[in-house]
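First the structure, in the form of structure tokens, and then the observations on it.
In my numbering, the protein residues as written are 67 to 174.
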């Protein structure tokens, strides 16, 4: 199993719009594409309170490449993104890392 750690740093005051987009639209689009989320988190204490951090679970790099490519080209995703940004840009920066669990990890 491969886990993808994705961190979205929002522009000030725009985190609620990002959370709404994920809860109301993005997750349903992911479900249609077979993308599995492994947890979503906001920062309670830390360097950036305008941050959304989440994990995706992949069986392989090939699965990630195929499903993510299908998602980012999905017209429903483009409509959802554009609609959520009618009041302005939401995200200042996105970072992503692909992680593999260690032999002693409780997550496999």
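Ideal placement from N, C-alpha and C gives every residue a C-beta, glycine not left out.
The structure displayed is predicted, hence computed values, not measured ones.
How many Å lie between residue i and residue j at the Cα?
i, j, result
"residue 112", "residue 75", "13 Å"
"residue 172", "residue 164", "17 Å"
"residue 124", "residue 149", "28 Å"
"residue 86", "residue 134", "21 Å"
"residue 130", "residue 145", "22 Å"
"residue 139", "residue 169", "36 Å"
"residue 174", "residue 132", "22 Å"
"residue 147", "residue 167", "32 Å"
Go ahead and label residue i buried or exposed: buried means 16 or more other beta carbons lie within 10 angstroms of its beta carbon, across all protein chains shown.
i, result
"residue 127", "exposed"
"residue 92", "buried"
For residue i, collect the residues of the same chain with a Cβ closer than 6 Å to its Cβ; drop the 5 residues on either side in sequence, then sort them by chain order.
i, result
"residue 106", "120"
"residue 109", "115, 117"
"residue 142", "95"
For residue i, which residues of its own chain have a beta-carbon under 8 Å away from its beta-carbon, when the five flanking residues on both sides are left out?
i, result
"residue 162", "70, 71, 72, 73"
"residue 137", "95, 96, 99, 101, 143"
"residue 153", "83"
Enumerate in chain order the residues of its own chain whose CB-to-CB distance from residue i is below 7 Å, with the five nearest sequence positions on each side excluded.
i, result
"residue 104", "69, 121, 122, 123"
Point to revise | the stretch 145–158 in contact with the stretch 72–88 per 3-pair CB rule at 8 Å | key: Taking 8 Å as the limit for Cβ pairs, the verdict is that the stretch 72–88 does touch the stretch 145–158.
Review point. Can you list, in chain order, the stretches of the alpha helix (DSSP H) that have 4 or more residues and sit fully within the stretch 91–168?
Key: As for any alpha helix (DSSP H) of minimum length 4 sitting wholly inside the stretch 91–168, the runs are 93–99, 127–138, 141–150, ordered along the chain.
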